[in-house]
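In the numbering used here, the protein residues as written are 67 to 162. Glycine included, each C-beta is placed from N, C-alpha and C at the ideal position. Please read all numbers here as calculations on a predicted model, not as lab measurements.
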C-alpha cells in the first residue's frame, strides 16, 4: 500500500535546503514545530555549525574523504550560502 498522507514543506532557496530538511526531521521526531521562517533558519544554521564542528572533531577519520584542503572545506561549510553534499550529510548523521 502506497503512503499518500504527506504534505509539502516549502523552504527558502538560500543554500540551507539540506540543513532545513534535516532540522525539520529533527522537529518532527521531537514533536516540536518550527513556527516560522526565522526559527527554521536558526535551526538550520545551528545544525550547520554542529556539522562543521563534527568535521573538526573527526578530522583524522574523514580527511581522506574530502577533496582538496580540509581546513578550507570546513571554513566553507561555515558559510551560510554554501549548499550541502554527501560529506556534510555523513557528518550530520553523527550529530543526530
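Exposed unless 16 or more other CB atoms sit within 10 angstroms - verdict on residue i
i           : result
residue 76  : exposed
residue 139 : buried
residue 134 : exposed
Cutoff 6 Å; reference residue i; Cβ partners in own chain excluding five residues on either side
i           : result
residue 85  : 110, 113 and 114
residue 157 : 117, 120 and 121
Close-in-space but distant-in-sequence residues of the same chain around residue i (CB under 8 Å, 5 per side omitted)
i           : result
residue 142 : 148
residue 68  : none
Using 8 Å as the Cβ pair cut-off and three pairs as the minimum, do the segment 72 to 89 and the segment 120 to 137 touch?
no
Start-end ranges of the alpha helix (DSSP H) lying completely within the segment 82 to 157, minimum 4 residues:
83 to 96, 103 to 123, 125 to 128 and 136 to 143
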